[in-house]
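**Student:**
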Amino acid sequence: DKYVKVMGVRFPAITLERTVNILSDVIEQNRSQLFHVITVNPEITMACQKDRQLRSIIDEAGLITADGIGIVMVSRLRGGNLPERVTGYDTLLKLLETGNQKKWSFYFLGADPVTNQKVCEVIGEKHPDVVILGRHHGFFNPSEEDKIVEEVGSLSPDILVVALGAPYAERWIHKYKSKLNAKIAIGVGGSLDVIAG
Ligand code: UDP
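This is how it looks when you write it as structure tokens:
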């Protein structure tokens with residue numbers, strides 16, 4: 002894939018379809034390391050200008066996508082042409098569709114307790130062959146964090162979906178990367194609220 006640099010961030014020029022194909026390959030490859038997907042929205046792009054730690058989290062990610070029409074437009078001025086905006090929400094929907102065909106397993110972390118439960122019910126109805134290994138709401142105190150990390154780690158999902166808000170989700174995934182035992186982890190912002198309706 003080609004790359005385009007926008008505000009110092011090196012974006013691969015990939016569509017949503019290509020993104021999901023890359024992630025399907027990752028799941029099928031059985032890698033030992035967690036593959037961190039970051040849909041880089043304007044908030045993350047701005048924050049990483051001054052925040053070197055966040056910048057290195059982005060640099061270390063397995064895959065980043067351009068989650069902002071502004072990022073796509075700027076890329077065109079650079080002649081680089083990012084093909085389209087790839088949001089966390091759209092990526093999640095495609096992962097659920099593909100996951101339903103391929104029987105992938107998921108863990109859903111984040112959103113308030115009611116939404117977290119509701120979203121798993123909605124997904125279970127809409128995508129009955131998606132395996133929901135576990136879930137936890139996103140309003141835990143720091144003292145509960147180890148327990149959650151251990152639970153995810155012992156369940157070892159194909160995909161860990163983290164809805165804690167950006168860039169907190171990205172920092173959280175990065176911090177526990179080596180313990181989560183997920184093939185893929187992705188921060189999805191407010192997507193669970195939208196899916197829960
Ligand atoms: N959220 C959470 N724990 C927190 C803060 C937020 O689980 O401590 C959830 C919130 O309920 C929502 C999601 O994170 O489902 C994303 O929040 P927001 O829309 O503010 O983030 P963004 O879309 O900007 O990443």
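Residue numbers 2 to 198, in UniProt numbering, belong to the letters of the sequence shown in order. Think of the CB as a built atom: it goes at the ideal place given N, C-alpha and C, for glycine as much as any other residue. Since this is a predicted model, take the numbers as computed values, not measurements.
Since Ile196 and Ile124 are thought to touch, with beta carbons under 8 Å apart, how far apart are those beta carbons, to the nearest angstrom?
**Tutor:** Within the sequence shown, the letter at position 195 stands for residue 196. Within the sequence shown, the letter at position 123 stands for residue 124. Yes, they are in contact, since the Cβ atoms of Ile196 and Ile124 sit about 7 Å apart, within 8 Å.
**Student:** Can you give, in chain order, each stretch of the beta strand (DSSP E) that sits fully within the segment 93–124 and has at least 3 residues?
**Tutor:** Complete beta strand (DSSP E) runs here, min 3: 106–111.
**Student:** Assess contact between the segment 75–93 and the segment 10–25, defined as three or more Cβ pairs (one per stretch) separated by less than 8 Å. Is contact present?
**Tutor:** Yes, they touch.
**Student:** May I have the straight-line CA-CA distance separating Gly154 from Val162, to the nearest angstrom?
**Tutor:** Against the sequence shown, residue 154 aligns to sequence position 153. Against the sequence shown, residue 162 aligns to sequence position 161. Cα-Cα distance, rounded: 13 Å.
**Student:** Quick check on the DSSP output: the alpha helix (DSSP H) that includes Lys148 runs from which residue to which?
**Tutor:** By 1-based counting over the sequence shown, the position of residue 148 is 147. Taken as a continuous stretch (DSSP letters only), the alpha helix (DSSP H) holding Lys148 covers 146–156.
**Student:** Give me, in chain order, the residues of the same chain whose beta-carbon lies closer than 7 Å to that of Ile174; leave out the 5 immediate sequence neighbours on both sides.
**Tutor:** As a working note, residue 174 is residue 173 in the sequence shown. Result list for Ile174: His37, Val163, Ala186, Gly188, in chain order.
**Student:** Alpha carbons only, please: which of Pro143, Gly81, Arg32 is nearest the one belonging to Arg11?
**Tutor:** Locating residue 11 in the sequence shown gives position 10, where the first residue counts as 1. The shortest C-alpha separation from Arg11 is found at Gly81.
**Student:** Comparing C-alpha positions only, which one of Val131, Asp147, Gly166 sits nearest to Val160?
**Tutor:** Indexing the sequence shown from 1 puts residue 160 at position 159. This sequence places Ile at residue 160; Val is not what is there. Residue Val131 is the option with its Cα nearest to Ile160.
**Student:** Which residue from Glu152, Ile58, Asp194, Leu35 puts its Cα closest to that of residue 205?
**Tutor:** With the chain running from 2 to 198 in the structure shown, residue 205 is simply not present.
**Student:** Under 9 Å, do Leu193 and Val150 count as touching if we go by C-beta distance?
**Tutor:** Working through the sequence shown from its first residue, we reach residue 193 at position 192. Working through the sequence shown from its first residue, we reach residue 150 at position 149. Cβ atoms of Leu193 and Val150: not closer than 9 Å.
**Student:** Out of Tyr4, Ala170, Gln118, Asp26, point me to the one whose CA is closest to Trp105's CA.
**Tutor:** As a working note, residue 105 is residue 104 in the sequence shown. Checked all of Tyr4, Ala170, Gln118, Asp26; the closest Cα to Trp105 is Asp26.
**Student:** Spatial neighbours of Lys3 within its chain, please: C-beta separation below 6 Å, excluding the five flanking residues on both sides.
**Tutor:** Here the question's residue 3 lines up with position 2 in the sequence shown. Answer for Lys3: Ala14, listed in chain order.
**Student:** Looking at the secondary structure, which residues open and close the alpha helix (DSSP H) in which Pro84 lies?
**Tutor:** Indexing the sequence shown from 1 puts residue 84 at position 83. Element bounds for Pro84: n/a, residue is neither H nor E.
**Student:** What does DSSP give as the partner residues of Leu161 in its beta bridges?
**Tutor:** By 1-based counting over the sequence shown, the position of residue 161 is 160. In DSSP, Leu161 forms a bridge with Tyr108, Ala186.
**Student:** Please report the straight-line C-alpha distance between Val120 and Ser76, rounded to a whole angstrom.
**Tutor:** Counted from its first residue, the sequence shown places residue 120 at position 119. Counted from its first residue, the sequence shown places residue 76 at position 75. Rounded to whole angstroms, Val120 to Ser76 spans 35 Å at the Cα level.
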